[in-house]
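Quick note: the sequence shown uses this note's numbering, first residue 59, plus one each step. Report on the structure given below.
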Amino acid sequence: MLHIHILNVGQGDSIIIQYEGEEGPAFGVIDSNTFGGDPCPALTRLRSLGAERLSFVALTHPDSDHYSGLSHILKYYKDRISTFYCFPFGIHLQGRLRKFATIYRQLYVDSDPSIRKRYKELIQILYLVKQYIGLENWEEPTGGFTPIAPKGFKGVDIRVLLPLPNLKGRYFDMIEAGSYDVTASNENNRLSMAFSFKYKGKQIILGGDCQEKRWFEHKRFCSRADITLLGNSVKLPHHGADKDNSVDVISHLFDNDDHRSAIISAGGGSHPAKGTLLRLEEKKFSPYCTNLSKYCSNIRDVDFSLSAKHDLNPRLVRFLESCKVSNKIRPCQGDITISINGKGHFAIDRQYENSCPRRGDFEFLRAG
59 MLHIHILNVG QGDSIIIQYE GEEGPAFGVI DSNTFGGDPC PALTRLRSLG
109 AERLSFVALT HPDSDHYSGL SHILKYYKDR ISTFYCFPFG IHLQGRLRKF
159 ATIYRQLYVD SDPSIRKRYK ELIQILYLVK QYIGLENWEE PTGGFTPIAP
209 KGFKGVDIRV LLPLPNLKGR YFDMIEAGSY DVTASNENNR LSMAFSFKYK
259 GKQIILGGDC QEKRWFEHKR FCSRADITLL GNSVKLPHHG ADKDNSVDVI
309 SHLFDNDDHR SAIISAGGGS HPAKGTLLRL EEKKFSPYCT NLSKYCSNIR
359 DVDFSLSAKH DLNPRLVRFL ESCKVSNKIR PCQGDITISI NGKGHFAIDR
409 QYENSCPRRG DFEFLRAG
């Protein structure tokens with residue numbers, strides 16, 4: 059049985075792969091983020107699942123909402139992780155890791171405290187991987203339909219879809235040349251890995267933070283190679299961002315049949331986008347969001363400070379300001395688990411079984 063646990067980590071990604079195969083239980087981790095006071099929700103879940111070792115850990119790209127807390131997993135499973143999959147860093151080139159650390163240390167010195175923390179953790183993660191997993195087990199697979207075979211996952215067809223090989227090695231070259239803004243998500247997202255898991259005739263696609271342009275390149279690759287993606291369930295790219303989930307991207311990732319599901323891991327503020335949700339609704343694909351989007355909650359940002367300009371009573375102004383809606387994250391479905399059993403039966407389980415009009419949960423009210 060295959061389980062893909064997409065954890066609610068706010069505006070970020072944290073995914074656990076759990077497989078009960080003929081070789082016994084196997085576990086993998088794709089990305090990590092801190093959330094709600096828990097420095098590593100993925101580690102908390104792994105321990106609750108009884109994971110004694112990990113077949114693999116994957117870091118899709120160097121954005122902090124995808125690697126925060128990952129060092130806790132590497133330390134806890136010291137010498138018990140078989141393989142590390144990474145975006146195209148170019149680690150196997152002579153002296154690459156040392157040069158990278160030198161450059162990042164200088165960036166660390168020149169940056170403000172919030173950015174320093176991110177640099178420090180990423181450097182720590184890379185060194186822990188070298189120390190506890192080993193460079194010989196550090197792999198940088200590139201797509202568009204490249205098979206990987208982590209230990210214990212016999213029977214599951216796992217593929218790397220993105221990035222394509224044309225990005226291999228460019229990340230470090232640009233950093234070394236000083237032409238790369240390592241704090242810019244847009245720069246980092248083009249490096250993002252995306253995965254396909256196929257089991258018992260069902261396909262699950264994990265879209266990372268891959269950009270629309272990269273999916274267009276992937277679509278051309280698939281056309282030349284006569285490959286068609288038939289996602290039964292897709293963890294949408296880039297937290298459901300509008301541009302990176304265009305009609306063309308959604309059509310490329312999903313099977314065209316009805317009753318397909320889209321998982322969106324996002325904080326609910328700027329992501330997922332209204333346009334993304336409307337496209338899913340039009341296609342009759344069911345959305346499952348970890349947190350409630352502003353579009354669904356009908357919450358609007360209001361500048362109550364303007365009321366002071368209209369000669370209102372100061373006490374009334376203070377009252378209005380106290381009623382402002384906070385930016386607090388509001389869970390929708392919470393943690394989401396996609397499961398496929400040995401007979402190919404597909405199921406989605408949610409931490410909170412909240413109804414959603416965009417899945418047609420209220421259609422019964424139209425009767426009569």
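C-beta atoms are modelled at their ideal positions from N, C-alpha and C, and glycine is treated no differently. Predicted model only: the values in this text are computed from it and were never measured.
- Per DSSP, the beta-bridge partners of Cys-144 are Leu-117.
- Restricting attention to Leu-128, Tyr-143, Thr-118, Leu-112, the CA atom closest to the CA of Asp-137 is found in Leu-112.
- When the beta-carbon positions are compared, Ser-122 and Arg-176 come within less than 7 Å of each other.
- Under the three-state reduction of DSSP output, Glu-78 falls in the strand class.
- For the 7 Å CB-CB criterion, Tyr-143 and Ala-116 form a contact.
- Put simply, of Val-87, Phe-343, Tyr-135 the residue whose alpha carbon is nearest the alpha carbon of Phe-114 is Val-87.
- Taking Asn-412 as the centre and dropping the five residues before and after it, the same chain places the C-beta of Cys-390, Gln-391 closer than 7 Å to its C-beta, in chain order.
- In the three-state DSSP reduction, Thr-204 falls in the strand class (E or B).
- A Cβ-Cβ distance of about 5 Å is found for the pair Ser-351 and Pro-330, placing them in contact under the 8 Å criterion.
- Pairing Gly-325 with Val-67, the inter-Cα distance amounts to about 8 Å.
- Between Ile-262 and Ile-396, the CB-CB gap stays under 7 Å.
- Taking Glu-81 as reference, the option from Asn-195, Tyr-185, Asp-71, Met-59 with the minimal CA-CA separation is Met-59.
- Within the DSSP secondary-structure output, Ala-84 pairs in a beta bridge with Tyr-77.
- Within a 10 Å sphere around the beta-carbon of Ser-355 sit fewer than 16 other beta-carbons, which makes this residue exposed.
- Here Pro-389 carries a strand assignment [DSSP, helix/strand/coil].
- Contact between His-61 and Asp-89 fails: their C-beta atoms lie close to 17 Å from each other, not under 8 Å.
- The alpha helix (DSSP H) runs of length 4 or more contained entirely in the region 165-199 are, from start to end of the chain, 171-190.
- Excluding residues up to 5 positions away in sequence, Gly-79 lie with their Cβ nearer than 6 Å to the Cβ of Gly-213 in the same chain.
- Annotation: Ser-140 to Pro-120 spans about 21 Å, alpha carbon to alpha carbon.
- In the structure shown, His-150 falls within a coil segment according to DSSP collapsed to helix, strand and coil.
- Ranked by how close their Cα comes to the Cα of Phe-279, the residues Leu-335, Thr-200, Tyr-257 have Thr-200 in first place.
- Contact annotation: Phe-312 and Gly-289 have beta-carbon atoms nearer than 7 Å.
- For Phe-343, the enclosing beta strand (DSSP E) covers residues 343-347.
- Going by DSSP, Asp-123 is part of the alpha helix (DSSP H) stretching over 122-125.
- Assignment of Tyr-135 by DSSP, reduced to helix, strand and coil, places it in the coil class.
- Inclusion of Arg-217 and Pro-208 in the CB contact set at 7 Å is not warranted, their separation being larger than that value.
- Taking all protein chains in view, the Cβ of Asp-306 is surrounded by fewer than 16 other Cβ atoms within 10 Å, so the residue is classified as exposed.
- Only exposed fits Arg-282, as fewer than 16 other CB atoms lie within 10 angstroms of its CB.
- CA-to-CA, the gap between Asp-302 and Ser-323 works out to about 14 Å.
- Taking a C-beta distance under 7 Å as the contact criterion, Ser-291 and Ser-309 do not qualify as a contact pair.
- In summary, His-276 is buried, with 16 or more beta-carbon neighbours lying within 10 Å of its beta-carbon over all protein chains present.
- Taken atom to atom, the span from the alpha-carbon of Ile-161 to that of Pro-146 is near 17 Å.
- Nearest Cα to Asp-267 within the set Gly-70, Leu-225, Lys-341, Ile-64: Gly-70.
- Where Leu-60 is concerned, the enclosing beta strand (DSSP E) starts and stops at 60-64.
- For the pair Lys-260 and Ile-73, the CB atoms are not nearer than the 7 Å cut-off.
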